[in-house]
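Chemist: The sequence shown maps to residues -30 to -1, 1 to 93 in mature numbering (1 follows the signal peptide of the UniProt record, and there is no 0).
Please see the structure below; I have some questions.
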Amino acid sequence: MAINYGTSTLAVFLSALCILSSGCWSPVCAMELKAVKFSYYLHDDLVPPNVTAVLVAGAGGSLTGQSSLGNIIVFDSFLRKTSSNASALIGHGSGEIVTLNDPAERFITFVHDITISGYSGTI
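Below is the structure:
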C-alpha cells in the first residue's frame, strides 16, 4: 500500500488551519472543541432566470450534459433540510465544482463557504 505524503500533509495543514481560525491557541483549548453533525441538501437551479450554477471554464462540457474532465463550475445555492425544493431553507452554500470523467463519481466538490441559519462556529 503506497503512502501519499501530499494528502497527509494537506490534511495536517487543514486541521491546523481550522484550529487556528477557531481562536484556539493551546492544546487544552483544542481538546474542548466538540463535533457538530448535521445533514443538508444543496439545491442548484440550472434553468434561467434564477441560475445558481455556472460553467466558467472547461473543455466543452455543459451543466446538464456529459461532464468533461476539468470543467470548473461555480455555484451559489440554497441548503435545504430534505431533497425536496419545498423543504425548509436551512442555509446557503457557495463554491466551486471540478468535474471528472467517471460517470459514477461525476465531480469533486470544494465548498468555500457554508452558512447555516442558527449555527455559529467553524465547520
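Don't be surprised by glycine CBs; every beta carbon is placed ideally from N, CA and C.
Counting Cβ pairs closer than 8 angstroms, one from the segment 74 to 87 and one from the segment 48 to 64, do we hit at least three?
Modeler: Output reads yes: the segment 48 to 64 touches the segment 74 to 87.
Chemist: How is residue 88 classed by DSSP in three states: helix, strand or coil?
Modeler: Residue state, collapsed to three classes: coil.
Chemist: If you measure between the beta carbons of residue 47 and residue 82, is that distance less than 7 angstroms?
Modeler: no
Chemist: With a Cβ-Cβ cutoff of 7 angstroms, do residue 68 and residue 42 count as a contact?
Modeler: The beta carbons of residue 68 and residue 42 sit closer together than 7 angstroms.
Chemist: Going by the DSSP bridge assignment, what does residue 63 pair with across the sheet?
Modeler: 47 and 84
Chemist: Leaving out five residues before and five after residue 79 in sequence, what residues of the same chain have Cβ atoms less than 6 angstroms from its Cβ?
Modeler: 67
Chemist: Please tell me whether residue 22 has its Cβ less than 7 angstroms away from any Cβ of chain B.
Modeler: In the structure shown, chain B does not exist; there is a single protein chain.
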